[in-house]
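The structure appears right after this line, and notes come after that.
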Amino acid sequence: MIPKIIHQTWRDRDIPQAMQAFVASWPKLHPGWEIRLWTDDDLARLVETDYPHLAELYFGYARPIQRADLGRYLVLRSHGGVYADLDAEALRPFDEWLGADRPVFAEEPRSHLAETVVAVRQFSHVVSNAVMLSPAGHPFWNAVIDLAIECRHALDPLDSTGPFLLTGAVEAANAEIRPEVLPGYMFSPRDKAGRDCTDIDPARPALAQHHWLHTWVGADETLRLPVRLKTAFRKARLRWRERGAEPASVREAAVDRAALARQAPADGTVLVAIPVRNAAATLDALFAHIEALDYPAEKLSIAFLIGNSIDDSLERLRAFLARSQRRFRRTLLVEQDFAAPDSGPRWNLRHQRVRRSRIAQARNRLLDAALVDEDWVLWIDADIVDFPPDILCRMLAERARVVHPDCVRQPGGPSFDLNAWIALAEPRDDQWIKHVRDGLYQPPVGHLRLYQHDLRHLRRVRLDSVGGTMLLVDAAIHRAGITFPDQPYRRLIETEAFAALARRFDIEIIGLPQIQIRHAEG
């Protein structure tokens, strides 16, 4: 049962003039109902009193909207009733829904799916949190809270607490606790552009209208003349610096399309390929997890490449292979040093081209030496110290040609492998040109990109780029010539360039934000 309470939230009790008529519509159509406005202070007291275990999460949010989002979920969990944004107008009484035994939501209008912010997340629908109904104490809200904890590192409030998080919670809910989701027009017969929804059913009139006073899309920015001039100068300078570089078309023309068309079986043989350098501290943990894989050992080939190491990694590798060679389909150890030793901090942008070029060379050398007739290649960094035994089976089960789990340093922590990303938009010239260093596009973290920790409300996402901490690749892709460019390709290099080249040939790259592997600290 849904109690007769209307909940709304605002920072204080001074309701903005633009929303007062919408707020007044609720008591007008619901005489005898309790009307409660929750201020920021009220929500803070609710958290401190009823949800002290969530205080760090709630008060740690960077933006007020995140606290408002989580606050409305906690209000409905504690008290039940109807929640309505201040810019939501009641059109009819909600009494017909008082007998509901589970939360009741509505989708966003279908036209909103065309928004870039939705499209890059590949949603087929979005559940709105602007108007919601719920019985008190419904267990669905526990799932929402758990997911909010998982998504706490997401940069965008839409993902960390807002409609995208709610959509993920609804999609993941089992039938016993799954909310009812109404057509979008029921709570918003017009979309944010004022257009009528196309799915309106005259037999079921709308209950409310969300007026979308706060939208997802900002106004287009007009560039000032000095910015345009600086951008033009930077582009001209970059063209001069790249005048002798190999055109991207040369690498693309070298791809063997016939070889690329052959797709691997989901239960095929797998080459586990691991480049190693000074990894003695992590190898034993990695060995143990390889041995614990629940994939048939007779279908696994294990290959290491070691180079430029000064610790006892080589001795550890030899000992592991000596005791394991009879267990696996095939084993191999490649020893090769590479030029250009490290100089300076590992993550310094000035060193990325040299550092990652060498990593690409190591990967390609390992491929040349180790890939024989295997159907798949599972790349694993030597610093990976924990992953579930069924991870290979779960990656293969996606039936995708390239698959990437989320790599973290701490369970539930932010993504460590930030080379796995989704582009939010094609950057304007002034947005990308200033981030090109040494021929590589190296934007700051979060610049027009989403990472896997932003998307933990989704089981599966399409990635635009990959890292190499753990990467499953259909071996036919490598055999076709899509390997790891050691020179800039479209101003990317190594795994990012591999992904860019693969995507030129319409290869879908899948990320698994809810499956985590762990990288060693340090």
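Numbering (numbering that gives the first Met the number 0), first residue to last: 0 to 521.
Beta carbons: idealized from backbone N, C-alpha and C, even for Gly.
Residue j beta carbon less than 8 Å from that of residue i
{"i": "Arg408", "j": "His288", "result": "no"}
{"i": "Val333", "j": "Ala296", "result": "no"}
{"i": "Gln515", "j": "Pro426", "result": "no"}
{"i": "Gln423", "j": "Arg448", "result": "The sequence as given places Leu at residue 423; Gln does not occur at that position. Yes, the pair counts as a contact, with Cβ atoms nearer than the cut-off."}
{"i": "Lys234", "j": "Asp428", "result": "yes"}
{"i": "Ala278", "j": "Leu377", "result": "no"}
{"i": "Arg352", "j": "Gly438", "result": "yes"}
{"i": "Trp37", "j": "Thr8", "result": "yes"}
{"i": "Ile144", "j": "Gly80", "result": "no"}
{"i": "Ala192", "j": "Leu90", "result": "no"}
{"i": "Asp94", "j": "Phe21", "result": "no"}
{"i": "Tyr440", "j": "His434", "result": "yes"}
{"i": "Phe112", "j": "Leu270", "result": "Residue 112 is actually Leu in this sequence, not Phe. It is not a contact, given that the beta carbons lie outside the stated cut-off."}
{"i": "Phe504", "j": "Phe483", "result": "no"}
{"i": "Ile509", "j": "Arg459", "result": "yes"}
{"i": "Phe139", "j": "Ala172", "result": "yes"}
{"i": "Ser77", "j": "Ala135", "result": "yes"}
{"i": "Arg328", "j": "Lys298", "result": "yes"}
{"i": "Ile34", "j": "Trp25", "result": "yes"}
{"i": "Val275", "j": "Leu331", "result": "no"}
{"i": "Leu395", "j": "Ala265", "result": "yes"}
Reduced DSSP secondary structure (H/G/I, E/B, other) of residue i
{"i": "Thr494", "result": "helix"}
{"i": "Gln360", "result": "helix"}
{"i": "Leu53", "result": "helix"}
{"i": "His403", "result": "strand"}
{"i": "Ala474", "result": "helix"}
{"i": "Gln515", "result": "strand"}
{"i": "Glu334", "result": "strand"}
{"i": "His124", "result": "coil"}
{"i": "Thr8", "result": "strand"}
{"i": "Ser300", "result": "strand"}
{"i": "Ser24", "result": "helix"}
{"i": "Ser323", "result": "helix"}
{"i": "Val119", "result": "coil"}
{"i": "Asp13", "result": "coil"}
{"i": "Tyr60", "result": "coil"}
{"i": "Gly167", "result": "helix"}
{"i": "Arg242", "result": "coil"}
{"i": "Arg189", "result": "strand"}
{"i": "Arg328", "result": "coil"}
{"i": "Met0", "result": "coil"}
{"i": "Leu206", "result": "coil"}
{"i": "Val216", "result": "Note on Val216: pLDDT 40, under 50, position unreliable in the model; the coordinate value appears next. Note: Val216 maps to coil in three-state DSSP."}
{"i": "Gly591", "result": "Outside the modelled stretch of the chain, which goes from 0 to 521, sits residue 591, for which no answer is possible."}
{"i": "Val353", "result": "helix"}
{"i": "Val371", "result": "coil"}
{"i": "Gly510", "result": "strand"}
{"i": "Ala424", "result": "coil"}
{"i": "Leu377", "result": "strand"}
{"i": "Asp453", "result": "helix"}
{"i": "Ser464", "result": "coil"}
{"i": "Leu500", "result": "helix"}
Residue span of the alpha helix (DSSP H) that contains residue i, given as start and end
{"i": "Met394", "result": "390–395"}
{"i": "Asp158", "result": "156–159"}
{"i": "Thr482", "result": "No alpha helix (DSSP H) holds Thr482; DSSP gives it neither H nor E."}
{"i": "Gln65", "result": "63–78"}
{"i": "Arg250", "result": "247–252"}
{"i": "Gln430", "result": "428–431"}
{"i": "Arg256", "result": "256–259"}
Endpoints, the beta strand (DSSP E) within which residue i is located
{"i": "Leu270", "result": "269–275"}
{"i": "Thr48", "result": "Thr48 -> not in any beta strand (DSSP E); alpha helix (DSSP H) instead, spanning 39–49."}
{"i": "Phe104", "result": "103–105"}
{"i": "Asp283", "result": "Note, Asp283: premise wrong, no beta strand (DSSP E); alpha helix (DSSP H) at 279–290."}
{"i": "Ile148", "result": "Note, Ile148: premise wrong, no beta strand (DSSP E); alpha helix (DSSP H) at 139–149."}
{"i": "Leu449", "result": "448–450"}
{"i": "Asp311", "result": "Note, Asp311: premise wrong, no beta strand (DSSP E); not H, not E."}
{"i": "Met131", "result": "130–133"}
Supposed close pair residue i, residue j - CB separation, criterion 8 Å
{"i": "Phe186", "j": "Ala105", "result": "4 Å"}
{"i": "Pro51", "j": "Arg101", "result": "Contact doesn't hold; Cβ gap of about 27 Å is too wide."}
{"i": "Gln262", "j": "Thr160", "result": "In fact, because the Cβ distance is near 40 Å, the residues do not count as touching under 8 Å."}
{"i": "Ala205", "j": "Pro188", "result": "4 Å"}
{"i": "Gly480", "j": "Cys406", "result": "So it is not a contact: roughly 27 Å between Cβ atoms."}
{"i": "Asp380", "j": "Thr468", "result": "5 Å"}
{"i": "Phe163", "j": "Arg120", "result": "6 Å"}
Check your understanding: Does the region 351–363 come within contact of the region 445–454, defined as at least 3 CB pairs closer than 8 Å?
Key -> no
Check your understanding: Any chance the region 66–77 sits against the region 42–50, with 3 or more Cβ pairs inside 8 Å?
Key -> yes
Review point. Is the region 464–477 close to the region 398–417, with three or more CB pairs under 8 Å?
Key: yes
Practice item. Could you tell me whether the region 184–199 touches the region 481–498, where touching means 3 or more Cβ pairs closer than 8 Å? Key: no
Exercise for review: State whether the region 158–173 contacts the region 125–138, with contact taken as three or more CB pairs (one from each stretch) at a distance under 8 Å.
Suggested key: yes
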